[in-house]
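Participant: Numbering (UniProt numbering), first residue to last: 1 to 678. Even glycine gets a Cβ: it sits at the ideal position worked out from N, Cα and C. Can you keep this structure in mind? I'll have questions shortly.
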């Protein structure tokens, strides 16, 4: 048996967990009609098969109709959920993986215009900033109904074969009762801690009566809100002791912080550039002082930190949830002593930010996550070895080379720059976003292990490509900044890339004009503001940087708001004119004919990229498929037909920003779904 602390079994009540690694409850927003159907099952089954000991489904499965989902949650209040839960649990149990689910009532953390249009309810009328609904203050009959709803939902989960449930008490109804900030009730449910905990203890009692003593019941709870007037560390410890004293709670899953605002949520679940495992020692204190089985997860992306958490007795089970979104094979690779092959979580938090914009959870650089029904996590060898030429070593080209190498092909990559990375290497110029370079570094390591050949400092011409006698050519040449957006004065502006790369020094009074809405504008603004300059960030949209999304916006705001920075929305840069040593910006708006002029010494434009596609169009007439991509085959993960040009000598595909300005995930997904069948 291995001596690795992470691979030791753990006895939780009657349940033997085969190792110490778990996936904590989270909602990837994959349900269909509120049910965890095939996509949901496949997502968890892949991770179970790869060796994780415990997978927690459903961040916040809804127990009541007046807890309508805000990010496509499982509807645990419906009887039809049971057979879908059974299929999921059976699939995971086949691989000796325990399965649990998180049940909750969202309380004020939802909105009345969702689901059945019932008013949100909470222990006060106080609105949660994140979801904006003013709740009804709960009445006794609401409480009685919700307690019964919890018990009903727990019974459904037991009928579906679950090993246990986890009750959610951070930012949701349970700890809304607990917190003095969100409980203004009088009488038996308000005032003293005993009264504020009464609702939760009544839920636990009702659930236990329904599911019996052999069913595991845990609670994920806020042990310190880190909020003025909220639950303190001392009160959190007392809550934990009282939960233990019931004799009905089998484990604690520790949270520190509050999630009612974007900054609060980001401190609970840190993004890249923030400290790893910031709450681990606090969770260890709860375990030591309360003496209950203790679980925890908060930016524990690497094996070394997880191993430390178990070896030092800080946790009994360590959550590596985002790590398993990046690489579901974490446990298998640990057991096989292949930790260097683990695809790293880079903390981009594309997964969570998408959920909070009503999307589904996707990993920024593992496009198979959430697409297990059509995309492979492990690439099989091809039946026939081919010569594959990739042009460009950005994220798209590096993924194409990696996948082709895994297929066993002879792969050559041409890259004009001296290093791989493309826009990702540019992004990583920011100290706070340096983790992004792991997207490239991991692929380089995987490529070198498969004997992929690289020709750096080589601006490939058509004859260079055809001279290799390729079977397949992948054009991943990326794009260049598009700054031709003004009616006049385009020669007076610089791109966000120019600033980030250090090719242009920041001015003293700078306009950053952003109508792309992605990272480069804010990244450039951050660098300019740090130089001591005045910065105005302007967008014609009604909100700035929508593609940066909520949690990733937080560190930008923390960096910018204490500096000389102004944010301007709904104004469009129309033109630029030279005015002595300054530039006059002509500013208008889409909402009226209003215009005004402002003076700056530098204008920075972020307007996406224009594809570098000359090589593609030169090669296109020589290709078997004339560069065509059959969309149905692309969408459903089937091989591409190549019959368009019988005189062609190679298949030709164009991917990433060489097609159109998109993002890193799109570029890597392009590569995987095309090259996996070559």
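#1: Following the continuous beta strand (DSSP E) through residue 685, name the residue where it begins and the one where it ends.
#2: Does residue 457 pass the burial test, meaning 16 or more other C-beta atoms within 10 Å, or should it be called exposed?
#3: Report yes or no: do three or more beta-carbon pairs, one from the segment 94 to 111 and one from the segment 126 to 145, lie closer than 8 Å?
#4: Between the C-alpha atoms of residue 610 and residue 482, what's the straight-line distance to the nearest angstrom?
#5: Along the chain, where does the beta strand (DSSP E) containing residue 62 start, and where does it finish?
#6: How would you label residue 60, buried or exposed, when you count the other beta carbons within 10 angstroms and need 16 or more for buried?
#7: Take residue 148 and list the residues in its own chain whose beta-carbon comes closer than 8 Å to its own, dropping the five residues that flank it on each side.
#8: Here's the rule I'm using: 16 or more other beta-carbon atoms within 10 Å means buried, otherwise exposed. How should residue 77 be labelled?
#9: Taking only three categories from DSSP, how would you classify residue 544?
#10: Whose C-beta lies closer than 6 Å to the C-beta of residue 413 among residues of the same chain, with five residues either side of it excluded?
#11: Just to confirm before moving on: does the CB-CB distance between residue 506 and residue 528 stay below 8 Å?
#12: Which value, in whole angstroms, describes the spacing of the CA atoms of residue 53 and residue 447?
#13: Look at the alpha carbon of residue 220 and the alpha carbon of residue 578, and state the distance between them as a whole number of angstroms.
#14: Would you list the one or two residues that DSSP bridges to residue 317?
#15: Taking buried to mean at least 16 other C-beta atoms within 10 Å of its own C-beta, is residue 635 buried or exposed?
#16: Taking all protein chains shown into account, do 16 or more other C-beta atoms lie within 10 angstroms of the C-beta of residue 617, making it buried, or fewer, making it exposed?
#17: Name the one or two DSSP bridge partners that residue 578 has.
#18: Beta-carbon within less than 6 Å of residue 687's beta-carbon, same chain only, minus the 5 sequence neighbours each way: which residues are those?
#19: Report the option in 348, 560, 495 whose CA atom is closest to the CA atom of residue 532.
#20: Under DSSP, the alpha helix (DSSP H) around residue 337 begins and ends at which residues?
#21: Cβ of residue 624 within 8 Å of Cβ of residue 651?
#22: Can you tell me which residues form a DSSP beta bridge with residue 391?
#23: Taking the CB atoms as reference points, tell me whether residue 296 and residue 265 lie closer together than 8 Å.
#24: Using CA coordinates, which residue listed in 312, 353, 242 is at the minimum distance from residue 262?
#25: Assuming residue 493 contacts residue 604 (C-beta within less than 8 Å), just tell me the rounded distance between them.
#26: Within the continuous alpha helix (DSSP H) that includes residue 253, where are the two ends?
#27: With 16 other CB atoms within 10 Å as the buried threshold, where does residue 304 fall?
#28: At 4 residues or longer, and completely inside the segment 124 to 172: list those alpha helix (DSSP H) runs for me, N to C.
#29: From residue 619 to residue 328, what does the alpha carbon distance come to, in whole angstroms?
#30: Sort 318, 500, 678, 122 by Cα distance to residue 383 and report the nearest one.
#31: Report, in whole angstroms, the separation of the C-beta atoms of residue 664 and residue 424, which I expect to be a contact under 8 Å.
#32: Between which two residues does the alpha helix (DSSP H) containing residue 301 stretch?
#33: Go through its chain and collect everything with a Cβ distance to residue 95's Cβ below 6 Å, but skip five positions before and after it.
Facilitator: This is what the structure gives:
#1: Since the first and last residues shown for the chain are 1 and 678, residue 685 lies out of range.
#2: exposed
#3: yes
#4: 6 Å
#5: 54 to 62
#6: buried
#7: 206
#8: buried
#9: coil
#10: Setting aside the 5 residues that flank it on each side, residue 413 is surrounded in the same chain by 390, 393, 401, 454, each with a C-beta closer than 6 Å to its C-beta; the list follows chain order.
#11: In this structure, residue 506 places its C-beta atom within 8 Å of the C-beta atom of residue 528.
#12: Going by the C-alpha atoms only, they are around 30 Å apart.
#13: 60 Å
#14: Bridge pairing for residue 317: 295 [DSSP].
#15: exposed
#16: exposed
#17: 583
#18: The requested residue 687 is not part of the displayed model; the chain covers only 1 to 678.
#19: 560
#20: Segment: none, residue 337 is in no alpha helix (DSSP H) and carries neither H nor E.
#21: Yes; because the gap between Cβ atoms is below 8 Å, this pair is in contact.
#22: 414, 475
#23: Contact check for residue 296 against residue 265 fails: the beta carbons are separated by 8 Å or more.
#24: Nearest C-alpha to residue 262: 353.
#25: Cβ atoms of residue 493 and residue 604 come within 8 Å of each other, at about 7 Å.
#26: Element bounds for residue 253: not the alpha helix (DSSP H) but the beta strand (DSSP E), 251 to 256.
#27: exposed
#28: 140 to 159
#29: 38 Å
#30: 678
#31: 6 Å
#32: Run containing residue 301: none; DSSP gives neither H nor E here.
#33: 48, 49
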